[in-house]
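No gaps in the numbering here: position 235 of the sequence shown is 235 in UniProt numbering, and each next residue is one more. C-beta: ideal position from N, C-alpha, C; glycine also.
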Amino acid sequence: MTAPLVAAARSGARRGVFEFQQSFITATDIFALIFPNVILLTVMIFMRGSTVGTTGFSLGTMSLSSVIGMSVAFNGMMTVMQHLAVEREDGTLLRAKAIPNGMFGYLVGKIVLIAGLTVVTLAMILVPGLVLFDGIALNTAGAWLTLAWVLVLGLVATMPIGAILGSMFENPRTSGLMMLPVMGLVAVSGIFTPLSEAPQWMQLVGQVFPIYWLGLGMRSAMLPDGLAVVEIGGSWRHWETVGVLGLWAVIGLVLAPAVLRRMARRESGAAMAERREKALQRVN
């Protein structure tokens with residue numbers, strides 16, 4: 001890496017750390033970070049009395065590990081997408097474009113920010129989960145290592161998707177529409193019930209996208225090996241998890257830079273002013 005790129009990476013990393021710190025400054029941001037996780041934990045507490053098939057294992061505990069995988073996917077896709085849409089409208093991207101290697105530094109900053117927020121989200125679910133739910137098997141170095149590589153590979157697989165999606169929305173208010181298909185993917189990804197119990201078409205669709213594999217990877221890290229019997233194929237399928245998430249990562253890393261460069265070329269002061277004018281017209 002050349003000296004200018006190193007300087008841009010350092011600047012971007014500092015910006016990412018600053019934005020991460022700013023995420024805990026206002027009550028609104030803190031509430032937005034905590035409230036969804038409280039809702040998820042509450043739902044899973046009510047699921048503790050149910051069991052997974054004939055195993056006798058708590059459905060709430062199984063769902064806890066799946067939800068952690070889902071949260072990684074949400075942070076990788078939705079948070080990146082929303083940040084990109086907002087900062088495209090407020091001129092942040094235009095300023096980054098005007099600086100040598102500014103877009104590279106911008107992307108480094110987003111990686112640092114999203115990775116930090118994802119770790120915080122994971123901790124907010126996992127720490128109380130260890131107290132509230134029985135049967136979590138994070139008691140070996142291998143289990144923690146699996147959790148770590150699934151987390152890293154999951155972020156690499158989903159963040160470029162979020163960047164591509166974010167480049168499609170000039171208005172951050174319309175980016176919320178992407179929640180509908182994402183929630184549809186959650187419904188067919190076996191997050192709250194084993195996908196092996198779903199219809200064949202749902203199993204096929206769910207296994208195409210990263211959310212299912214992130215949930216499976218987290219379950220393999222956090223649950224006893226005997227629970228693999230309720231999964232498709234009766235195993236944790238680590239190699240398949242690496243393969244599918246790795247494929248999404250390669251596709252995203254190839255497409256995202258090109259999409260972002262194209263978006264940056266279209267950014268100008270006139271385009272930003274036009275978006276602001278349209279926003280003011282909607283308000284009035």
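Residue of the options minimising C-alpha distance to residue i
i, options, result
"proline 160", "Leu59, Gly60, Val67, Leu247", "Leu247"
"tryptophan 213", "Gln200, Val188, Asp225", "Val188"
"alanine 8", "Ala98, Glu87, Thr241", "Ala98"
"phenylalanine 104", "Thr146, Arg10, Leu223", "Arg10"
"phenylalanine 209", "Met168, Ala249, Ala148", "Ala249"
Straight-line gap, residue i to residue j (C-alpha atoms, nearest Å)
i, j, result
"methionine 202", "arginine 95", "44 Å"
"glutamate 19", "leucine 84", "14 Å"
"valine 283", "isoleucine 251", "Since pLDDT at valine 283 reaches only 48, below the 50 mark, its modelled position is unreliable, and the value read off the structure follows with that caveat. Taking the straight line joining both Cα atoms gives about 39 Å."
"leucine 40", "proline 100", "43 Å"
"valine 17", "methionine 77", "19 Å"
"isoleucine 136", "valine 205", "28 Å"
"serine 196", "methionine 47", "19 Å"
"alanine 115", "leucine 155", "8 Å"
"valine 52", "arginine 265", "52 Å"
"leucine 153", "glycine 49", "33 Å"
Exposure label - residue i; buried when at least 16 CB within 10 Å
i, result
"tryptophan 239", "exposed"
"threonine 241", "buried"
"proline 194", "buried"
"asparagine 75", "buried"
"threonine 146", "buried"
Residues near residue i by beta carbon distance below 7 Å, same chain, minus five either side
i, result
"alanine 256", "Pro160, Ala163, Ile164"
"serine 58", "Arg48, Thr51, Phe133, Asp134, Gly135"
Close Cβ partners of residue i (< 8 Å) along its chain, the five nearest in sequence each way excluded
i, result
"leucine 122", "Ile68, Ser71, Val72, Leu151"
"arginine 219", "Met62, Ser65, Ser66, Gly69, Leu227, Glu231, Trp236"
"glycine 166", "Val80, Met81, Gln82, His83, Leu84, Ala85, Arg88, Ser175"
The ligand HEM heavy atom lying under 8 Å from the CB of residue i
i, result
"threonine 140", "In the structure shown, the ligand HEM is absent, as is every other ligand, since no ligand is present at all."
Three-state class that DSSP yields for residue i in the structure shown
i, result
"threonine 118", "helix"
"serine 71", "helix"
"serine 167", "coil"
"serine 50", "coil"
"phenylalanine 23", "As written in the sequence, residue 23 is serine, which differs from the phenylalanine given in the question. Looking at serine 23 - three-state DSSP - the assignment turns out to be coil, as it is neither helix nor strand."
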